[in-house]
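Add 1 to the 1-based position in the sequence shown for full-length UniProt numbering, that's all there is to it.
Below is one structure, written out as structure tokens; the observations come after it.
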Amino acid sequence: SQRTLVLLKPDAVRRGLVGEVLARIERKAGWTISAMELRTLDRPTLEQHYAEHVGRPFYEPLVEFMSSGPSVALVVEGERVIEGVRALAGPTDPIAAAPGSIRGDFGTIVRENLIHASDSEGSAEREIKIFFPALA
Ligand code: GTP
Ligand code: MG
2 SQRTLVLLKP
12 DAVRRGLVGE
22 VLARIERKAG
32 WTISAMELRT
42 LDRPTLEQHY
52 AEHVGRPFYE
62 PLVEFMSSGP
72 SVALVVEGER
82 VIEGVRALAG
92 PTDPIAAAPG
102 SIRGDFGTIV
112 RENLIHASDS
122 EGSAEREIKI
132 FFPALA
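Below, the structure is given as structure tokens:
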């Protein structure tokens, strides 16, 4: 089975959507939350996490937003969980996300899109090391 790193971003925490989003993940048969922590992400952590986006025009506002309040970081394990959580989340831009997806139901603007989920096995292992080094 696989594992993936999920972040419920500061907008999800501020808007009281943590329970709603976690419930969608929890009720998928066979998936397990194996680590979870509420934490305000600092710049060095975000720089590592978003290394692929350093220098892009949206990078600074993204880091600003992602450090603006607590996030919930979690590791989810299960069958095809990487693809599965991204399907629950929907596309990056909430306007393009279908109703029924997390971003489609609750998203506002592209930067404040509620949730991050690793996009491949390689990213998942890299990101789990950043947020939960003890699990690596
Ligand atoms: P994550 O799961 O958060 O990594 O989202 P993603 O994989 O769907 O998107 P990506 O990794 O390409 O971008 C990371 C985050 O940067 C997105 O979730 C958005 O919050 C933000 N972002 C990405 N592209 C844009 C953009 O064109 N404009 C703005 N303002 N933000 C963007
Ligand atoms: Mg991404």
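Using N, Cα and C, we set each Cβ at its ideal position, and we do this for glycine too.
Computed from a prediction, not measured in an experiment: that's the story for all the values here.
Point to revise | Bridge partner(s) assigned by DSSP for leucine 34 | key: At residue 34 the sequence reads isoleucine, which differs from the leucine that was named. According to the DSSP secondary-structure assignment, isoleucine 34 is paired through a beta bridge with Val77.
Practice item. Compare the Cα-Cα distances from valine 73 to each of Ser2, Ala118, Leu63 and report the closest residue. Key: Just measuring C-alpha positions, the residue of Ser2, Ala118, Leu63 sitting nearest valine 73 is Ala118.
Point to revise | Short Cβ contact (8 Å threshold) for leucine 75 with valine 7 | key: Yes, Cβ-Cβ distance for leucine 75 and valine 7 is below 8 Å.
Exercise for review: Could you round the C-beta distance between phenylalanine 133 and alanine 36 to whole angstroms and report it? I think they count as a contact, below 8 Å.
Suggested key: At roughly 5 Å, the Cβ-Cβ gap stays under 8 Å, so phenylalanine 133 and alanine 36 are in contact.
Check your understanding: What is the DSSP secondary structure of serine 2, reduced to helix, strand or coil?
Key -> Correct three-state label for serine 2: coil.
Check your understanding: Between the beta-carbon of threonine 33 and the beta-carbon of alanine 125, is there less than 8 Å?
Key -> At the C-beta level, threonine 33 and alanine 125 stay beyond 8 Å of one another.
Exercise for review: Measure the Cβ-Cβ separation of arginine 40 and proline 71 and say whether it is below 8 Å.
Suggested key: Closer than 8 Å, so yes.
Practice item. Count the other CB atoms, across all protein chains shown, that sit within 10 Å of the CB of glutamate 113; report buried if there are 16 or more and exposed otherwise. Key: By the 10 Å Cβ count, glutamate 113 comes out buried.
Check your understanding: What runs of the alpha helix (DSSP H), each 4 residues or longer, lie entirely inside the UniProt domain "Nucleoside diphosphate kinase-like" (2–136)?
Key -> Within the UniProt domain "Nucleoside diphosphate kinase-like" (2–136), the complete alpha helix (DSSP H) runs of at least 4 residues fall at 11–15, 19–27, 44–50, 60–67, 82–90, 103–107, 122–132.
Exercise for review: With a threshold of 16 other CB atoms inside 10 Å of the CB of isoleucine 136, please say whether the residue is buried or exposed.
Suggested key: According to the sequence shown, residue 136 is leucine rather than isoleucine. Exposed, because fewer than 16 other Cβ atoms sit within 10 Å of the Cβ of leucine 136.
Practice item. Out of Glu38, Glu128, Glu122, His50, point me to the one whose CA is closest to glutamate 84's CA. Key: Looking at the Cα atoms, Glu122 is the closest of the given residues.
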